[in-house]
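Chemist: Chains as they are written, first to last, in this note's numbering: chain A, 1 to 312; chain B, 1 to 491.
Each residue gets a CB set at the ideal place from its N, CA and C atoms; glycine is no exception.
Once you've had a glance at the structure underneath, I'll fire off some questions.
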């Protein structure tokens with residue numbers, strides 16, 4: 001039997017994956033925000049979130065000095081001995097070697113965005129070369145962007161083949177596939193793109209909401225669509241894919257809501273940084289501030305935390 | 001290159017890796033030890049001198065003493081209402097509207113207090129009384145306050161006049177909200193009211209007397225009498241009533257109708273239900289599952305329009321049931337005052353016995369029972385969320401209203417079969433349709449014989465949307481323009 005045409009594959013895939021009702025899913029996630037997480041359960045959740053953070057700097061003005069500072073913070077977020085380090089530092093490929101020097105040999109991983117992040121609009125060979133280069137420099141994890149142009153043009157096979165090529169280029173490095181949800185726009189498309197990626201990923205790879213470079217990033221709604229896709233895929237195949245919401249999660253309270261969603265959708269096995277990450281930068285200090293508040297009973301001034309952007 | 005599965009079937013672990021600490025709502029419900037009847041704007045002792053206890057169903061402990069109104073008390077309430085009607089009925093609509101606005105705002109001001117009282121007395125989870133019952137009750141007063149001075153637009157060409165004194169009896173599942181559904185339209189039109197709350201849940205109604213006082217509502221416009229079925233029968237049968245409105249079981253509704261047959265009494269009956277929640281194979285399944293859960297486990301299933309019969313298309317039945325079970329594992333049953341509780345206490349020992357009896361009957365008739373693991377509190381009236389699969393149309397659990405957290409699952413093959421099965425019931429209060437096809441929704445909304453048909457949602461309410469039944473689910477509407485007209489004299 002000849003392979004189906006791009007159009008036929010597109011239609012068939014959409015049908016197989018199924019639809020998402022926007023009103024319904026937003027009602028569902030609103031319930032997460034009414035969960036009341038107090039006392040010991042709050043502290044546990046906050047610490048878990050610290051250990052799930054991919055501490056990120058992705059700016060044109062990044063320098064070795066900035067990366068050093070980020071790595072220091074990643075290894076020892078607030079000096080407290082019972083506080084875990086973050087999961088990873090996430091940098092541009094040019095900074096991978098520097099980051100690896102700083103956190104190599106520690107539990108903190110080096111993640112690098114690649115594939116012409118954030119737009120992905122360059123030749124596949126260039127994108128793959130970028131991935132190989134980052135891995136060669138010591139990246140433990142690669143955050144790629146999917147080809148949204150191809151997705152929106154209905155070329156699902158091309159999107160998937162490119163992801164598969166990046167998987168191969170990653171070698172031993174774990175892969176996080178950024179769907180860039182704000183470009184896909186609808187929940188139906190986010191679900192379809194999640195499946196396109198998962199079908200070619202390895203256990204332990206991730207799907208990720210966004211680059212953080214667009215107006216709309218991680219929300220409880222698109223997080224939920226992706227968690228449900230991961231759940232359905234896992235129950236169907238036994239392959240456990242991880243999830244990384246990125247961008248827009250700035251407060252500890254938000255992070256706890258996202259974790260409640262994980263607990264109630266995927267269960268205990270995903271409450272680990274091997275399967276769930278937060279792509280964030282300012283979130284970390286709010287987590288630390290809330291932990292200090294639980295410990296001491298009082299909120300500390302912003303300048304009590306290193307690298308705090310806000311001040312008096 | 002879809003990976004192939006090896007080893008045992010994957011399953012999700014919903015354990016206690018991250019347990020939630022207790023998060024009790026701490027607002028003071030400001031309960032009195034002993035309540036009095038509210039007649040003619042005054043708090044009066046029942047002539048009989050008798051009181052009964054209101055119990056917290058989550059702890060089985062006494063909350064307060066509730067007066068048992070006798071025939072003489074009901075007479076006094078009707079006399080006070082009749083006297084008040086002369087002035088209240090001719091008050092300009094905008095003046096009546098002011099009182100209703102005031103009542104709505106006062107209820108909002110005291111929302112937390114009323115939510116805690118409602119949860120203590122009825123057993124419903126605090127998140128529901130806080131996020132649904134109390135705000136929705138206030139919304140009904142706001143909505144009808146808006147109508148009070150616009151009645152000439154409600155029925156163009158007709159001058160709407162009040163009926164007189166209205167007798168109202170309300171159920172125990174949404175005590176404060178049902179009070180609002182009944183009082184607000186009656187008052188907006190200029191009627192006076194004698195209202196009896198349910199025996200097990202009188203506290204918020206009696207607390208509400210305080211709001212009526214604070215709002216400065218003229219004495220006698222609303223009178224509250226409490227007691228059991230006997231008291232209800234006196235309220236419904238009183239000769240001074242121009243209309244009676246009842247929400248409760250079909251059995252009691254029929255008794256009231258028999259009692260009033262041959263009189264010129266107008267009636268609104270909002271009775272039982274056995275709603276079909278129909279899931280087609282093209283539905284967004286996760287959202288359908290959420291709707292199924294919301295349809296049957298909302299308020300422990302103590303909802304007359306609960307989606308208690310799940311009709312699922314055979315092709316997706318296994319997947320829907322598997323998803324539903326995973327979702328049910330996440331439901332937290334326990335202390336109704338805990339903000340994380342999803343299912344609270346069953347309202348009374350009697351209702352718990354009814355649920356147990358019907359579930360046992362379902363099992364005896366061959367239905368397969370499934371309940372998520374997890375312990376129930378040692379004290380209080382609790383029942384776990386329950387799934388009965390393999391149910392057919394002739395099972396009792398598919399025909400009788402259980403009024404508890406029990407879902408009967410049936411399957412169907414075609415659209416016609418779904419409609420046939422959905423309508424094959426004595427009831428017709430509500431129905432749900434889950435499909436991605438708009439045209440199918442439109443077809444089912446006309447062919448399903450139910451007062452409300454929800455599409456891709458369930459248990460959604462709004463003061464502007466009329467609610468009421470077909471067949472043995474009753475007649476008359478509450479809410480919206482239609483509900484308003486049910487409290488107006490025929491031109």
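#1: In the stretch 437 to 460 of chain B, which residues sit with their C-beta less than 9 Å from some C-beta in chain A, listed in chain order?
#2: Return the chain-ordered ranges of every alpha helix (DSSP H) run that is complete within the stretch 51 to 115 of chain A and spans a minimum of 4 residues.
#3: Who are the near neighbours of residue 36 (chain B) in its chain, counting only those whose CB is closer than 7 Å to its CB and skipping five residues on each side?
#4: Under 7 Å Cβ to Cβ from residue 190 (chain A), same chain only, skipping five residues before and after it: list those, please.
#5: Starting from the C-beta of residue 108 (chain B), find all residues in its chain whose C-beta is less than 6 Å away, skip the five residues before and the five after it, and write them out in chain order.
#6: Starting from residue 17 (chain A), trace the alpha helix (DSSP H) both ways and give me its first and last residue.
#7: Establish whether the CB of residue 25 (chain A) and some CB of chain B are separated by less than 8 Å.
#8: Taking all protein chains shown into account, do 16 or more other C-beta atoms lie within 10 angstroms of the C-beta of residue 379 (chain B), making it buried, or fewer, making it exposed?
#9: Classify residue 459 (chain B) as helix, strand or coil using the three-state DSSP reduction.
#10: Return the residues of the stretch 3 to 19 of chain A that lie within a Cβ-Cβ distance of less than 7 Å from chain B, sorted by chain order.
#11: Is it buried or exposed for residue 464 (chain B), if we count other Cβ within 10 angstroms and need 16 for buried?
#12: So, is the C-beta of residue 2 (chain B) closer than 8 Å to a C-beta in chain A?
#13: Give the DSSP-derived three-state secondary structure of residue 496 (chain B) in the structure shown.
#14: On the criterion of 16 or more Cβ atoms from any shown chain inside 10 Å, does residue 301 (chain A) qualify as buried, or is it exposed?
#15: Based on the DSSP output, what are the partners of residue 334 (chain B) in its beta bridges?
#16: In the structure shown, what three-state DSSP assignment does residue 32 (chain A) receive?
#17: Measure the beta-carbon distance from residue 20 (chain A) to residue 284 (chain B) and round it to whole angstroms, keeping in mind my assumption that it falls under 8 Å.
#18: Using the beta-carbon of each residue, which ones in chain B are nearer than 9 Å to residue 342 (chain A)?
#19: Taking the continuous beta strand (DSSP E) assigned at residue 201 (chain B), which residues delimit it?
#20: Among the candidates B:486, B:275 and B:147, whose CA atom is the shortest distance from the CA of residue 478 (chain B)?
#21: For chain A, check one thing: does any of its Cβ atoms lie closer than 8 Å to the Cβ of residue 17 (chain B)?
#22: Which chain B residues sit within Cβ distance under 9 Å of residue 87 (chain A)?
#23: Are there 16 or more other CB atoms within 10 angstroms of the CB of residue 147 (chain A), so buried, or fewer, so exposed?
#24: Please compile the residues from chain B whose C-beta is within a distance smaller than 8 Å of the C-beta of residue 209 (chain A).
#25: In whole angstroms, what is the alpha-carbon distance linking residue 383 (chain B) and residue 21 (chain B)?
#26: If contacts are defined as beta-carbon pairs under 8 Å, then residue 346 (chain B) and residue 381 (chain B) qualify, I think. What distance do you get, rounded to the angstrom?
#27: Please identify the residue among A:200, A:153, A:149 and A:155 whose C-alpha is closest to the C-alpha of residue 165 (chain A).
#28: Measuring straight from C-alpha to C-alpha, what distance separates residue 489 (chain B) and residue 82 (chain B)?
#29: Counting C-beta neighbours from all protein chains within 10 Å, is the total for residue 123 (chain A) 16 or more, i.e. buried, or is it exposed?
#30: If you draw a straight line from the alpha carbon of residue 74 (chain B) to that of residue 293 (chain A), how long is it in whole angstroms?
#31: Are the stretch 389 to 403 of chain B and the stretch 360 to 369 of chain B in contact at 8 Å, needing three or more beta carbon pairs?
#32: Is any beta-carbon of chain B found at less than 8 Å from that of residue 275 (chain A)?
#33: Return the CA-CA distance between residue 476 (chain B) and residue 269 (chain B), expressed in angstroms with no decimal places.
#34: Does any C-beta atom of chain B lie closer than 8 Å to the C-beta of residue 40 (chain A)?
#35: Identify which residue in B:375, B:141 and B:120 has its Cα closest to the Cα of residue 64 (chain B).
#36: Where does residue 2 (chain B) fall in DSSP's three states?
Modeler: In short, the structure shows the following:
#1: 456 and 457
#2: 64 to 75 and 96 to 103
#3: 43, 44, 45 and 67
#4: Correct list, in chain order: 179, 181, 184, 222, 225 and 226.
#5: 138
#6: Where residue 17 (chain A) is concerned, the enclosing alpha helix (DSSP H) starts and stops at 6 to 17.
#7: yes
#8: exposed
#9: coil
#10: 18 and 19
#11: exposed
#12: Here the model assigns residue 2 (chain B) a pLDDT of 49, short of 50, so the residue's position is not dependable, and the following value carries that caveat. Yes, contact with chain A.
#13: The structure shown has nothing for residue 496 (chain B), since chain B only spans 1 to 491.
#14: exposed
#15: The partner list for residue 334 (chain B) (beta bridge, DSSP) is empty, contrary to what the question assumes.
#16: helix
#17: 5 Å
#18: Outside the modelled stretch of chain A, which goes from 1 to 312, sits residue 342 (chain A), for which no answer is possible.
#19: Element bounds for residue 201 (chain B): n/a, residue is neither H nor E.
#20: B:486
#21: yes
#22: Those do not exist, as residue 87 (chain A) stays about 17 Å from chain B at its closest Cβ, beyond 9 Å.
#23: buried
#24: Going along chain B, no residue has its Cβ under 8 Å from residue 209 (chain A), so there is no contact; the nearest lies around 18 Å.
#25: 22 Å
#26: 4 Å
#27: With distances taken between Cα atoms, residue 165 (chain A) lies closest to A:200.
#28: 16 Å
#29: exposed
#30: 57 Å
#31: yes
#32: Not one chain B Cβ lies under 8 Å of residue 275 (chain A).
#33: Each residue's Cα considered, the two are about 6 Å apart.
#34: yes
#35: B:120
#36: Low confidence applies to residue 2 (chain B): its pLDDT is 49, below 50, so where it sits in the model is not reliable enough to give any reading.
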